[in-house]
Amino acid sequence: MSAIKTVSVIGASGNIGAPTVQALLESGFQVTALTRECSTSTFPPGVNVKSVVFASLDSRLIVDACVAVGVKRFIPSEFGVADYKSGLPYPEMAGAIQGKLDLLDYLQSKSDANPAFTWTRICTGLFLEWALTVGHLRFDKAAHAAGIFDSGDEPFHVSSYPFIGKAMAAVLSRPKETANRYLVIASFTASQNKLLHVIEELYGQSWTVEHLSGTEIRKAAEKETREKGRDAGIRPYQDLLACFLYADGMGAHAKPQYTDNKLLGFEEDVEDPKETLREWLAGRI
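Residue numbering for the sequence shown follows the UniProt record's numbering, beginning at 1 and increasing consecutively.
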């Protein structure tokens, strides 16, 4: 497979898009940001900007357009927390992620019909910045309190936005090794207790801990999704995700040996969460 030199990024000014653009530039790629006509986003020097009329947000239509113009690699922006093709952590999560599964099947069918077109699906684990700012980790810095699922020792993969950008640049720098593959990456492997320990060290005092039952939270979320379906909104699905990541016995996949970091040229536990946690405590993220 020939080298990839030019990369177009949709959502190039977003939380993941912006650090991805920076990482691509630093890796020597020619980068084009595809933006809406109404966009006022600005980009680093060296980024080409093209306004695009997105007639639909259907990812399959974007895939079709990529195939038509000879794109070599497509990386979908779905960044899951598990290999859903091997089985869902909870059946009730199907409604929230079915589109991801359908897109993966569609990508493979297009690659089968057009061997020059390839894809890479990247599993990042938990977005650290997102999990802190929306409260998914159950850390409340205003109240100096934490909600800890079960023992709090269950391991799970975590990735920062900048690391995800670097990983995508590394994928595109290794087109042969990463073609038509599902890759697991992680800045580090953590647990709620490990992250809380760092937070308390930075803060200088202990936080109040409330112990949560993963089983009870899971059952309540499952009941809500069964009874309300899509009308339940996003909260029960986020609760199911939290149980999958933090509750005892559910995160068995989150072991360092199960990442593809080394394939991409990274060590395991490549980042220390301390600086990100420091920035969050200071209100800078």
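Built from N, CA and C at the ideal position, the CB exists for glycine as well.
**OP:** Identify, in the order they occur along the chain, each residue of the same chain with its Cβ nearer than 7 Å to the Cβ of residue 63, setting aside the five sequence neighbours on each side.
**Re:** For the purposes of this step, residue 63 is taken as residue 63 along the sequence shown, with counting starting at 1. Taken in chain order, the residues that qualify are 74, 106, 107, 110.
Original post:
For the beta strand (DSSP E) that residue 212 lies in, which residues bound it at each end?
Top reply: By one-based count along the sequence shown, residue 212 stands at place 212. Taken as a continuous stretch (DSSP letters only), the beta strand (DSSP E) holding residue 212 covers 208-212.
**OP:** Report the rounded CA-to-CA distance for residue 243 versus residue 2, giving the unit in angstroms.
**Re:** The sequence position of residue 243 within the sequence shown is 243, counting from 1. The sequence position of residue 2 within the sequence shown is 2, counting from 1. So the two alpha carbons sit approximately 42 Å from each other.
Subject >> For residue 181 and residue 112, the rounded distance between their alpha carbons >> reply: Numbered from 1 along the sequence shown, position 112 holds the residue referred to as residue 112. Numbered from 1 along the sequence shown, position 181 holds the residue referred to as residue 181. For residue 112 and residue 181, the distance between alpha carbons rounds to 13 Å.
**OP:** Grab the span of the alpha helix (DSSP H) containing residue 17 for me, first residue to last.
**Re:** By one-based count along the sequence shown, residue 17 stands at place 17. In the DSSP assignment, residue 17 falls within the alpha helix (DSSP H) that extends over 17-26.
**OP:** Could you spell out where the beta strand (DSSP E) holding residue 230 opens and where it closes?
**Re:** Locating residue 230 in the sequence shown gives position 230, where the first residue counts as 1. Note, residue 230: premise wrong, no beta strand (DSSP E); not H, not E.
**OP:** Compute the Euclidean distance between the alpha carbons of residue 27 and residue 228, then round it to the nearest angstrom.
**Re:** Counted from its first residue, the sequence shown places residue 27 at position 27. Counted from its first residue, the sequence shown places residue 228 at position 228. Their Cα atoms are separated by approximately 47 Å.
**OP:** Buried or exposed for residue 42, please, with buried defined as at least 16 other CB atoms from any protein chain shown within 10 angstroms of its CB.
**Re:** Position 42 of the sequence shown, counted from the start, is the residue given in the question as residue 42. So residue 42 ends up on the exposed side.
Original post:
Going along the chain, which residues of its own chain have a beta-carbon closer than 8 Å to the beta-carbon of residue 143, five neighbours each way excluded?
Top reply: Walking along the sequence shown from the start, residue 143 turns up at place 143. The answer, listed in chain order, is 208.
Original post:
In whole angstroms, what is the alpha-carbon distance linking residue 38 and residue 52?
Top reply: The residue labelled residue 38 in the question sits at position 38 within the sequence shown. The residue labelled residue 52 in the question sits at position 52 within the sequence shown. Cα to Cα, the separation comes out at about 10 Å.
Subject >> Secondary structure, alpha helix (DSSP H): runs of 4+ residues fully inside the UniProt domain "NmrA-like" (59-218) >> reply: Complete alpha helix (DSSP H) runs here, min 4: 59-69, 94-113, 128-133, 161-173, 175-178, 192-203.
Subject >> Outcome for residue 98 when other beta-carbon atoms lying within 10 angstroms are tallied against a minimum of 16 >> reply: Counted from its first residue, the sequence shown places residue 98 at position 98. Here residue 98 is exposed: its Cβ has fewer than 16 other Cβ atoms, across all protein chains shown, within 10 Å.
Original post:
With respect to the beta strand (DSSP E) encompassing residue 50, which residues constitute its N-terminal and C-terminal limits?
Top reply: Here residue 50 refers to the residue found at position 50 of the sequence shown. Taken as a continuous stretch (DSSP letters only), the beta strand (DSSP E) holding residue 50 covers 48-52.
Original post:
What are the partner residues of residue 6, as DSSP defines its beta bridges?
Top reply: On the sequence shown, position 6 is the one that residue 6 refers to. Beta-bridge pairing links residue 6 to 30.
Original post:
Do three or more CB pairs link the segment 201-221 to the segment 134-153 at distances below 8 Å?
Top reply: Taking 8 Å as the limit for Cβ pairs, the verdict is that the segment 134-153 does touch the segment 201-221.
Subject >> Per-residue burial, residue 236 [other beta carbons within 10 Å of its own, 16 or more giving buried] >> reply: To locate residue 236, count along the sequence shown from 1; it is residue 236. Under this definition residue 236 is a buried residue.
Original post:
Residues bridged to residue 36 by DSSP?
Top reply: Working through the sequence shown from its first residue, we reach residue 36 at position 36. Answer by DSSP bridge pairing, in chain order: 52.
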